[in-house]
Every structure is written in structure tokens, then in C-alpha cells.
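Down below is the structure, laid out as C-alpha cells.
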Amino acid sequence: MNRDASWAALQRHETEPLDLLVIGGGIAGAGVALEAARCGARVALVEARDFAGGTSSKSSKLVHGGLRYLAQGRIGLTRESVRERKALLRDMPGLVTPLRFLLPVRHGDRKGRRILGLGLALYDFFAGRRTREWHAPAAVLAQVPQLQEQDLAGAWSYLDAQTDDARLVLRVLAEARLHGALTLNHVCADSLVEAEGQVQGACLRDAASGQTLVVQARVVVNATGAWADRLRQGLGQSPQLRPLRGSHLVFEAWRLPVAQALAFFHPKDGRPVFALPWEGRTLLGTTDLDHHEPLDREPGINAAEFDYLMQAARAAFPSLDLGLEDVVSTFSGVRPVLDSGDQREPSKEAREHLILAERGLLTVSGGKLTTFRASAVQALRRVQARVPALQRLRSDAPLLRAPGIASLHAVRELPEALRERLLARYGDATATLLAEAQPGELQDIPHAACCMAELRYACRHESVLHLDDLLLRRSRTGLLLRDGGTALLHKLRPVVQETLGWNDERWDDECHRYRERVLRSYGIPAEWRP
Ligand SMILES: Cc1cc2nc3c(=O)[nH]c(=O)nc-3n(C[C@H](O)[C@H](O)[C@H](O)COP(=O)(O)OP(=O)(O)OC[C@H]3O[C@@H](n4cnc5c(N)ncnc54)[C@H](O)[C@@H]3O)c2cc1C
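For the sequence shown, the working numbering begins at 406 and goes up steadily by one.
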């Protein structure tokens with residue numbers, strides 16, 4: 406269903422209430438929409454910016470139990486995350502993939518081999534299989550020759566998983582649509598509608614057309630992540646969230662080569678830092694600090710964070726002499742973290758999700774990408790009485806339908822890596838993607854982890870409204886290529902103009918908007934630029 410048809414379908418609910426109106430198209434909203442639609446509930450989801458345009462495209466992209474949470478004694482969160490990791494690995498092969506971690510231990514570390522080994526034993530126990538292994542220093546250096554050798558006592562290795570966070574959201578939303586959900590990006594819920602002290606709907610505004618609509622719903626779900634307090638405060642509730650920013654650097658993999666993920670401690674404050682292989686690049690992150698900038702401005706890394714992460718990289722890999730020129734891009738996200746109210750250090754705040762039912766508004770926020778399904782099911786249980794279809798809720802149903810015979814047949818002669826990527830990201834729509842591909846378009850765009858056929862498909866079928874939707878979230882070109890991949894724009898132009906019907910003026914405006922965005926939120930901070 407295209408955008409106009411979805412808007413028209415939404416208009417019907419000005420008088421006839423939806424079962425659920427989900428506000429927010431990150432992973433939390435997508436998960437709620439899918440689980441509710443799967444039960445047969447009538448669901449619509451609106452997203453003010455782009456799908457996954459908030460934090461859900463800016464995470465470390467790990468589907469993990471979170472060893473750090475275990476160290477903080479958050480056993481319940483770790484157990485739930487490990488269980489969800491197992492389910493996602495089972496249900497989303499190719500999109501959620503196993504990732505081996507190496508955790509070096511140094512003489513004099515506060516948490517030495519024994520303590521970390523105990524934590525990992527518990528981690529393995531939750532997963533129901535042993536994945537941990539101890540490696541002597543020589544074996545560690547054979548795997549990561551550039552690692553700082555000084556005081557190295559050895560390393561633990563263990564298994565976790567990773568994903569493409571934005572594509573994960575898009576895949577969950579696509580599945581929700583298969584179950585009948587309406588999903589619209591660039592539609593903002595400006596305010597809530599109340600009657601007799603209960604929230605009964607919301608005023609929606611389409612950013613593209615400027616049209617507005619008042620939609621009725623039995624349950625309104627506030628899945629607006631770091632913005633969640635805004636809608637709540639409209640009901641007179643006190644704020645609960647502390648927005649914390651986390652930033653990453655994206656390195657050329659040949660300059661910072663890691664065959665597996667590496668976890669180490671920052672030399673300055675002992676915080677854990679990850680170097681992660683991802684889509685042919687190496688991600689290094691993250692920072693964790695109070696985010697004081699307005700939430701409506703897309704976050705970006707500041708000079709101090711950039712410096713902090715470069716220090717970590719140089720300390721862990723001293724022989725590599727890493728510099729500014731090795732950084733391809735940066736990105737920053739804002740964690741919607743529950744505020745303890747006692748001004749503790751950002752890294753000490755709890756990462757559990759928040760579920761609140763207040764005057765008919767169901768808020769689901771905080772938490773992790775990894776646990777989206779568990780949070781969705783827990784949240785929906787709170788409103789089963791108001792939406793009878795939700796009696797069918799199940800926490801263990803397979804997340805996605807398997808691709809049908811047409812898609813499996815269409816991919817049979819493709820190279821294995823491409824076959825796996827397409828089926829994982831597009832599921833049963835793979836057959837359409839391949840049928841619409843033009844000659845030569847299945848060739849990978851170097852270092853972009855996608856091909857032109859995927860970009861063509863996204864323009865036609867994945868609600869692309871702006872160039873940044875296409876280059877930062879439908880594909881990850883903007884993160885994986887220097888300058889956001891703007892060198893590719895001339896090749897992309899005919900495909901985009903043909904499929905989206907943009908004239909030359911619109912194309913120029915979009916390129917301008919995209920370049921500005923990349924410079925502001927995905928580049929190197931001004932203070933560091935040559
Ligand atoms: C640096 C960093 C690293 C992380 N790494 C990991 C990791 O490796 N693994 C993991 O499991 N978790 C990780 N997390 C946590 C995880 O990314 C977040 O918890 C998760 O993405 C939050 O999803 P969300 O849907 O709640 O929020 P968001 O993704 O921010 O979605 C909320 C959406 O609501 C929209 N919205 C706001 N107001 C309105 C409105 N009025 N109307 C309509 N729409 C609106 C916004 O535009 C936004 O898209 C990380 C977080 C950060 C910041």
C-alpha cells in the first residue's frame with residue numbers, strides 16, 4: 406500500500422476507532438505493532454521522521470546479553486537478553502548473525518580472569534551452551550596482532566550476535582504490514598486526544614502534505630524513545646527519562662582490522678569500549694554522556710567524544726598509529742534511559758525498559774534493541790482487557806514468516822552472500838526486488854554493503870521520502886562510505902528520479918539537505934577537521 410492509500414485508510418479511523426495507534430517507528434514501536442497485528446488487532450503506526458530515524462539506527466548494532474549488565478548485577482535483564490538473542494538468531498538468520506567477542510585481560514585488572522570467567526559461565530548458562538574459551542597471550546596476539554601487548558594475561562572469547570539495526574526495524578515493520586498494520590513515516594503525533602480523562606486518540610500531521618487528522622484508538626502506545634516524556638507531560642505526568650548520548654567512529658577495516666569483536670577498557674575511566682567488525686568496516690564505541698541539545702536536532706559527536714574514542718583506539722592498538730584520515734564516518738544516538746534522579750554517572754543508570762499505563766496511554770521506552778519483542782509482549786499484556794484480540798498474544802511465536810517459493814526460486818543462482826542478504830532483509834519481497842532489477846544492478850556497490858537493485862527497490866516500495874531515508878537507513882551507504890557516499894549521487898540520480906518522480910529542482914534540494922545532514926551528524930567534528 407503506498408503512502409496516499411495508507412493515509413486514506415487512516416482517515417477511516419477518524420470515526421471508527423483503531424485497536425492500537427502506535428506513535429514512534431523505532432524498534433520499540435515496530436515490535437508492538439507486529440505483535441499486536443499478529444494477534445489480529447487493527448493497528449496503525451506513525452513515525453514523525455523516518456522509520457528507525459531515532460536511536461534505532463544509531464546503536465552499536467549488537468544483539469547481546471550485555472556482559473556489562475551482568476557486572477552491574479542486572480541478572481534479570483541479562484537473562485532476558487540472552488533468551489531474546491537466541492530467538493532472534495533462530496528467527497532472523499542473515500539479519501541477526503553470531504559474533505565472537507574477545508575480551509583481553511591484563512595483569513592488575515580489577516576484574517581478572519576468574520571473575521570474568523564466572524560472569525561468562527553465567528552468560529553461557531542462560532544461553533544453554535558453552536561458548537566461552539580462555540586464550541593465552543600468544544593465541545590472543547595471533548588473532549589480533551596489533552593489540553597492545555603490555556601486561557596482557559590472556560583473553561576470554563565468547564559468543565554474542567549483531568545486526569543491521571535500521572534494517573531490523575524495517576523488517577519487523579514489513580512483517581507487521583503483512584499482518585495488516587498500517588505504517589506511515591514522516592507523520593507526527595502532535596498531541597493526544599482525551600475524553601473523560603482517558604486518552605482516546607491523537608492529532609496527526611503529515612509532514613509531506615501538511616494534512617492533519619484526528620485518529621481514534623482504544624489504546625494509544627507511546628513508543629517515542631527519548632521523546633517519550635513529551636507526550637506524557639502533555640497529560641501532566643512528570644518526566645522519567647534521562648537522555649544520554651552515545652557516539653561511534655566508523656574506521657576503514659584495513660586500518661583497524663578486527664576479525665572478531667574486541668571488548669576492552671578505556672585507559673582514562675575504565676569504561677568498556679568495543680571495536681566491532683560490521684559490514685566491511687570497524688565500529689568503535691561508545692561514549693555515554695548527558696545529551697543537553699534539543700531532541701529535535703539530529704545528534705552528532707562532539708570534539709571531546711571524538712577525542713575520547715580516538716584515545717581508546719590508539720591505546721588498544723598503539724602500533725597502528727590511527728589518525729583522523731582513518732575515520733570514514735561517525736554517528737550518535739540518544740538512549741532513553743530511566744532517570745534514577747540521583748545524578749549518578751551516566752554509565753551507572755539502569756538500562757531496563759519502562760512500561761507505564763497512564764490514563765489510557767501506554768508508554769514503552771528505554772530498554773534495548775535486543776529485547777524489543779519481550780518489551781512489546783509485556784507492554785501489550787497491560788492492555789489485553791481493552792483489546793480482546795490481544796488474548797492471542799504469544800511470547801514464543803516465530804517472529805517472521807519464511808520466504809515463499811517464488812523468492813527461494815528467484816535467488817537460487819545468486820552468489821551465497823547476496824542470496825542470504827536479500828532473503829534476510831526483504832523476505833518474501835525478494836522475488837519482486839529481483840524482478841525489478843535492471844541489468845548490472847545486482848553488482849555490489851564497493852564498500853556500501855548493498856547493490857543498486859536494493860536502492861531501486863527501496864525507492865519504489867519502502868516509503869522513501871528523502872535522500873537520507875535511502876542512504877542512511879534503507880541502505881547504510883551514508884555510514885559506510887566517506888562523505889556519506891556523496892560521490893555516488895550522480896549514479897543514483899537516474900534511478901531515484903525515475904522511481905520517485907523527482908524533478909531536477911527536487912533532486913538538488915534533496916542533495917543539499919543530505920550533504921548538510923551528513924556534515925552535521927555523521928562527519929568529523931568541526932574542531933577536528935583539517
Ligand atoms: C549509542 C547507543 C548504542 C546502543 N547499542 C545497543 C546495542 O548494541 N544493542 C542493543 O540491544 N541496544 C543498544 N542500544 C539501545 C537501543 O538502541 C535503544 O534502546 C532502542 O533503539 C530504542 O528504540 P525506541 O524505539 O525506543 O526509540 P527510537 O528508535 O528513538 O524510536 C522512537 C521514534 O519515535 C519517533 N517520535 C518521537 N516523537 C514522535 C511523535 N510525536 N510522533 C511520531 N513519532 C515520534 C522518533 O522520531 C523516533 O524515530 C544503544 C543505544 C545507544 C544510544
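Glycine included, C-beta positions come from ideal geometry on N, C-alpha and C.
Around the Cβ of residue i, are there at least 16 other Cβ atoms within 10 angstroms (buried) or fewer (exposed)?
i           : result
residue 896 : exposed
residue 370 : Absent from the structure is residue 370, since the part of the chain shown begins at 406 and ends at 935.
residue 758 : buried
residue 407 : exposed
residue 871 : buried
residue 412 : buried
residue 605 : buried
residue 659 : exposed
residue 906 : exposed
residue 550 : exposed
residue 917 : exposed
residue 452 : buried
residue 648 : buried
residue 567 : buried
residue 615 : exposed
residue 512 : exposed
residue 486 : buried
residue 908 : exposed
residue 932 : exposed
residue 570 : buried
residue 534 : exposed
List the whole-angstrom C-beta distance separating residue i from residue j, where the pair is believed to meet the contact cut-off of C-beta under 8 Å.
i           : j           : result
residue 415 : residue 587 : 6 Å
residue 966 : residue 575 : Missing from the structure shown is residue 966; the chain here goes from 406 to 935 and no further.
residue 618 : residue 421 : That belief does not hold up - the Cβ atoms of residue 618 and residue 421 are roughly 13 Å apart, past 8 Å.
residue 465 : residue 691 : 6 Å
residue 646 : residue 770 : 7 Å
residue 529 : residue 518 : At roughly 16 Å, the Cβ-Cβ gap does not stay under 8 Å, so residue 529 and residue 518 are not in contact.
residue 631 : residue 699 : About 11 Å separates the two Cβ atoms, so there is no contact after all.
residue 774 : residue 496 : In fact, because the Cβ distance is near 15 Å, the residues do not count as touching under 8 Å.
With DSSP collapsed to three states, give me the class of residue i.
i           : result
residue 540 : strand
residue 409 : helix
residue 668 : strand
residue 420 : coil
residue 711 : helix
residue 654 : strand
residue 684 : coil
residue 890 : helix
residue 737 : strand
residue 435 : helix
residue 727 : coil
residue 599 : strand
residue 677 : strand
residue 718 : helix
residue 446 : coil
residue 703 : coil
residue 883 : helix
residue 661 : coil
residue 452 : strand
Kindly list the residues whose CB is nearer than 6 Å to the CB of residue i, restricted to its own chain and excluding five residues on each side of it in sequence; keep chain order.
i           : result
residue 833 : 808, 809 and 812
residue 825 : 499
residue 581 : 438, 439 and 442
residue 829 : 499 and 500
residue 608 : 595, 596 and 619
residue 667 : 507 and 680
residue 922 : 873
Using a Cβ-Cβ cutoff of less than 8 Å, which residues in the same chain neighbour residue i once the five nearest sequence positions on both sides are dropped?
i           : result
residue 893 : 850, 853, 882 and 886
residue 802 : 443
residue 663 : 549, 680, 681, 682 and 687
residue 841 : 858, 861, 862 and 865
Looking only at its chain, what residues have a beta carbon closer than 7 Å to the beta carbon of residue i, apart from the 5 residues adjacent to it on each side?
i           : result
residue 799 : none
residue 724 : 551
residue 763 : 637, 640 and 642
residue 835 : 808, 812, 815, 816, 827 and 828
residue 669 : 509, 678 and 721
residue 792 : 424, 425, 446, 623 and 624
Secondary structure, alpha helix (DSSP H): runs of 4+ residues fully inside the stretch 602-652: 633-638
Report task. Kindly provide the ranges of any alpha helix (DSSP H) runs that are 4 or more residues long and lie completely inside the stretch 459-510, ordered along the chain. Result -> 472-476 and 480-496
In the stretch 763-808, which residue ranges form an unbroken alpha helix (DSSP H) of at least 4 residues, counting only runs that do not cross its ends? 777-786
Q. In chain order, which alpha helix (DSSP H) runs of at least 4 residues are fully inside the stretch 516-597?
A. 518-532, 542-548 and 570-583
| task | Just list the alpha helix (DSSP H) runs in the stretch 796-877, keeping only unbroken ones of 4 residues or longer that don't cross its boundaries, in chain order. | result | 810-815, 821-831, 835-841 and 857-866
Quiz item: In the stretch 895-935, which residue ranges form an unbroken alpha helix (DSSP H) of at least 4 residues, counting only runs that do not cross its ends?
Solution: 909-926
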